[in-house]
């Protein structure tokens, strides 16, 4: 029987032990449940507990000892300071941390699974409720460490978005207990609410002092994302009664799953045991990791994560889903503490809120950003023939185009849940997507079901045109429609497509259709510039900045693109250290030339492009920063490869022939039927660029004739296999069929991967996924 040890890093002593002791109990309870259910041949687990004493240095010491002893899985590290302190150890020993509590976000580490809530799920939701119910002025108080300060930086941005105001802000040392003068100062600032990010002993004394001064929660309520049933028991129920919290879990949730969990937990630890969201997050995290390791039979973090991604799990706090950013989508609730030491739930999101951890204090998700989203949605609503509805997290109708208003009979400002909309529209298929970060709006589109299955005869095919780009392909038409919407805003765009598919042409089309069309369009290929020169190309330099620098210096591409668009091609090739600088420029909109200290403001719209799978680069290779990816990825537009657009080959080939005819003043302007068939049967690994080259060669060989014949094409076109059909049932089938065809036309895995524009490891993984043999047969 295989035995696997897991390291528990909890503070059994120290300022945060009042919370972490409960997490330790939850971890043991989860292990006991697993051991009771496992078969005798299943993996056996053993916990190795270390007291980290609320001290990051002690946490590093204990984690290092465990890692050196061979332990590769850790659970715990309550504070962000402790979590961040052991990240180098996780990297050095390839360990994996299950982090079972809420935190401030702004982190996406491949060695960590974040079980707790992040600010967009919890803090923003709470602030919106505070503003709606009590007023727009909030006072911020917290302990002086990472979580409170980082969270409150985001609170400032959230309050701008909510048109609110921060009345004051104060931080006290961990373990601080004297709050009389502090509360008097808070009262003098006349806030409507207090947002507390105090922890441990400070929490207990703050609430008690509030009560002892005769202050009333009805007049000045305390809201806290941290204070739970455990802290209330420690301070006394009467001190917390009337104050508020926001979390995914409260012990008072009335579901069968939670009742079963509470009964079992209290049976183990005593009928008067209280259970907090941190304890439940620990329980969930331990259950997930034990079941995953037991299923895959391995402790390698990549395998664990792959087994969990996309998985929906029934828990005491509802259905959670593990997202590819190593965070959880989950329900969130707002509750008020009662005299019994429990919480009365006042509001429930009902639907899962996706975790959006990567937000910095410089990202302007304020009124300007909200207006940008509204402008985009309104353009979409006017352009599309479908009914479009936008709901906020409370299912309030924020927007509905004329068609939606007519079909649903709703008005702006009223409540309409997704289930209600589905009931009202049985003859429509419903598309449900999430847009934006703060808040996460729901984009709902209604499409008549009869239209979904409508077959179009060839003579009914229409060409969709966006700027100079034309296509008959339905998939590409949808992508170009998104490009049209994107062109109406300044939001960043990420274009995905294989080499030669026309990424720069699409980027230029977006620019020329935008309000920046009178400004410059500047393109730079990150993959074509030596590593040591990329920074000077992007940001410029001053005279004498380096050996060989031009007299007088030079401006960079960012400054050259001021008031216009900067196209960053092959962004996936950019070195990691330069990605940090690029992210800062995108956030601050200021550049510093190499060798200089002066900041220069730039007003630039960014369009980036790559032929690489950046999500996989982030997840598996760590060669691309996740925070930069999410900053660039506001609009994603995917250009289908030419082998999936065979209906476009005819008009593209004829356009090229027409261009050559105009240039040379003579030559063929048509294709023979057999030539067109040969072109459509080819797989086009070089995409449109290759098509143009092939047509130029054929044109010159047939320059004295009226049409291009098959003999004018290169030899590989004379014996091509049938191309993939354009009407493929699903994208998954399309991917499988494409891989099978390219493999059949390739002499090696490396050649096939190159044609597909992916890495060998990615191709192997996809072959295994689809059950495709690894043997290349010619």
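Numbering (the UniProt record's numbering), first residue to last: 1 to 778. Just so you know, even glycine gets a beta-carbon here, dropped at the ideal spot from N, CA and C.
- [ ] Could you tell me the boundaries of the alpha helix (DSSP H) in which residue 195 lies?
- [x] Not the alpha helix (DSSP H): residue 195 falls in the beta strand (DSSP E), residues 193 to 197.
Open item on the list: With a threshold of 8 Å, are at least 3 pairs of Cβ atoms found where one atom belongs to the stretch 233 to 252 and the other to the stretch 337 to 356?
Closed with: yes
Open item on the list: According to DSSP, is residue 574 part of a helix, a strand, or is it coil?
Closed with: coil
Open item on the list: By the three-class DSSP mapping on this structure, what secondary structure does residue 216 have?
Closed with: coil
Task: 8 Å Cβ cutoff met for residue 207 and residue 147 - done: no
Open item on the list: Spatial neighbours of residue 465 within its chain, please: C-beta separation below 7 Å, excluding the five flanking residues on both sides.
Closed with: none
Open item on the list: On the CB-based measure, 16 or more other CB atoms within 10 Å of its CB, does residue 27 come out buried or exposed?
Closed with: buried
TODO: Spatial neighbours of residue 195 within its chain, please: CB distance less than 6 Å, with the 5 preceding and 5 following residues excluded, ordered by chain position.
DONE: 138, 140, 223
- [ ] Consult DSSP for residue 466 and reduce its assignment to one of helix, strand or coil.
- [x] strand
Task: Per-residue burial, residue 530 [other beta carbons within 10 Å of its own, 16 or more giving buried] - done: exposed
Task: residue 329 vs residue 42 beta-carbon contact at 8 Å - done: no
- [ ] For the alpha helix (DSSP H) holding residue 84, just list the boundary residues, first then last.
- [x] 80 to 85
TODO: Along the beta strand (DSSP E) that carries residue 335, what are the first and last residues, could you check?
DONE: 333 to 337
Open item on the list: Considering Cα atoms alone, identify which of 392, 445, 419, 429 is closest to residue 405.
Closed with: 445
Open item on the list: With a threshold of 7 Å (Cβ to nearest heavy atom), would residue 425 be considered close to the ligand MG?
Closed with: This structure does not include the ligand MG; it has no bound ligands of any sort.
Task: Cβ-based neighbour list, residue 11, same chain, cut-off 7 Å, excluding 5 preceding and 5 following - done: 17, 20, 51, 52, 53, 54, 78
TODO: Mind checking who residue 428 pairs with in its DSSP beta bridge?
DONE: 448
- [ ] Put residue 49 into one of helix, strand or coil per three-state DSSP.
- [x] strand
TODO: Could you check the C-alpha separation between residue 589 and residue 350 for me, to the nearest Å?
DONE: 38 Å
TODO: For the stretch 558 to 567 and the stretch 524 to 541, state whether three or more C-beta atom pairs, one from each stretch, are separated by less than 8 Å.
DONE: yes
Task: Outcome for residue 546 when other beta-carbon atoms lying within 10 angstroms are tallied against a minimum of 16 - done: exposed
Task: Where residue 370 sits in the DSSP three-state scheme - done: With a pLDDT of only 49 at residue 370, under the threshold of 50, the placement of this residue in the model should not be trusted, and no figure is reported.
TODO: Report, in whole angstroms, the separation of the C-beta atoms of residue 202 and residue 172, which I expect to be a contact under 8 Å.
DONE: 6 Å
TODO: Measure the CB-CB distance between residue 327 and residue 131 and report whether it falls below 8 Å.
DONE: no
TODO: Tell me whether residue 702 is buried or exposed, calling it buried when 16 or more other Cβ atoms sit within 10 Å of its Cβ.
DONE: buried
Task: Candidates 650, 695, 315, 659, of which the one nearest residue 676 by Cα - done: 650
Open item on the list: I believe residue 762 touches residue 613 by the beta-carbon criterion, under 8 Å. Please report the beta-carbon distance rounded to the nearest angstrom.
Closed with: 6 Å
Task: residue 318 (DSSP reduced to helix, strand or coil) - done: strand
Open item on the list: Can you look up residue 101 in the DSSP assignment and give me helix, strand or coil?
Closed with: coil
Task: Identified DSSP bridge partners for residue 565 - done: 521, 605
Task: residue 684 (DSSP reduced to helix, strand or coil) - done: coil
Open item on the list: Using C-beta distances below 6 Å, list every residue in its chain close to residue 460, excluding the 5 sequence neighbours before and after it, in chain order.
Closed with: The predicted model places residue 460 with a pLDDT of 45, which falls under 50 and marks its position as unreliable; any figure quoted below should be read in that light. There are no such residues.
TODO: Give the range of the alpha helix (DSSP H) segment to which residue 31 is assigned.
DONE: 17 to 37
Task: Under 8 Å between C-beta atoms of residue 526 and residue 594 - done: no
Open item on the list: Is it buried or exposed, residue 714, if we count other Cβ atoms within 10 angstroms and call 16 or more buried?
Closed with: exposed
- [ ] Kindly indicate which residue of 30, 737, 158 has the alpha-carbon position closest to the one of residue 315.
- [x] 30
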